[in-house]
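Colleague: For reference, the structure I am asking about is given below.
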Amino acid sequence: MASELNLQITIDVLDSAAELSEQEKQAMQLAQEAANHAYAPYSNFLVGAALVLEDGTMFKGSNQENAAYPSGLCAERTALFALSANYPNQKIKMIAVTARRRSSMEFLPAMPCGACRQVMAEYEYKQQQAIPVLLQAADGKYYRLRSVADLLPFQFTKDHL
Ligand code: THU
341 MASELNLQIT IDVLDSAAEL SEQEKQAMQL AQEAANHAYA PYSNFLVGAA
391 LVLEDGTMFK GSNQENAAYP SGLCAERTAL FALSANYPNQ KIKMIAVTAR
441 RRSSMEFLPA MPCGACRQVM AEYEYKQQQA IPVLLQAADG KYYRLRSVAD
491 LLPFQFTKDH L
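Numbered by our numbering, the letters in the sequence shown go through residues 341 to 501 in order.
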């Protein structure tokens, strides 16, 4: 009989912003600010991502759409690629992501898409240090994952090449 492999993922559920650390609050605020600057004339879905770096500085990204739809890019990858292009050796201490519709100031659950998870996983692997991910969740709550690996089990990495 086949054996089972059971995966366990722990997510900290924070009921409101009051439960975030000071740095997490700042990162979420920056992600919200980034979402306000998204270029999303087609989906009107504004996504913001903030990266907290090892030295405490923060770096933001937002989704950038294009009339040729597949040419656009998600907020998470915009932030990560820009960071890596400008500061290739800075380690990332946290990624915060939030989203809203253009029509409302209410921030909505922001679950990174599969391609963004893959890219996040690459940089986590590269820096050999877990990157916690803070996500806007429903009803003003937040999810804190301890590592990108928790968002992407059975990763494809350079080890497989
Ligand atoms: N989007 C992101 O920026 N991040 C994600 O993880 C999911 C989706 C963007 C892409 C597109 O501009 C808009 O949200 C609607 O899919």
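Beta carbons are placed, not taken as given, at the ideal position from N, Cα and C, and that holds for glycine. Bear in mind that the values here come from a model prediction, so they are computed numbers and not experimental data.
For the ligand THU, which residues have a Cβ under 6 Å from at least one heavy atom, in chain order?
Modeller: Ala-380, Ser-383, Phe-385, Val-387, Asn-403, Glu-405, Gly-412, Cys-414, Ala-415, Glu-416, Pro-452, Cys-453 and Cys-456
Colleague: Quick check: is any heavy atom of the ligand GTP less than 7 Å from the C-beta of Gln-404?
Modeller: Only the ligand THU can be found as ligands here, which leaves the ligand GTP out of the picture.
Colleague: Between the alpha carbons of Gln-468 and Ala-450, how many angstroms are there, rounded?
Modeller: 25 Å
Colleague: What span of residues does the alpha helix (DSSP H) with Ser-424 cover, start to end?
Modeller: 415-426
Colleague: Just how far apart, CA to CA, sit Ser-487 and Phe-447?
Modeller: One alpha carbon belongs to Ser-487, the other to Phe-447, and they sit about 23 Å apart.
Colleague: For Val-392, which residues does DSSP report across the bridge?
Modeller: Bridge partners of Val-392: Met-398 and Met-434.
Colleague: Return the first residue and the last residue of the beta strand (DSSP E) that Val-473 is part of.
Modeller: 473-476
Colleague: For the beta strand (DSSP E) containing Tyr-463, name the first residue and the last one.
Modeller: No beta strand (DSSP E) holds Tyr-463; the alpha helix (DSSP H) holding it covers 454-467.
Colleague: Determine which residues share a DSSP beta bridge with Val-387 and list them.
Modeller: Ala-439
Colleague: Is the stretch 424-439 in contact with the stretch 379-394, if contact means three or more CB pairs nearer than 8 Å?
Modeller: yes
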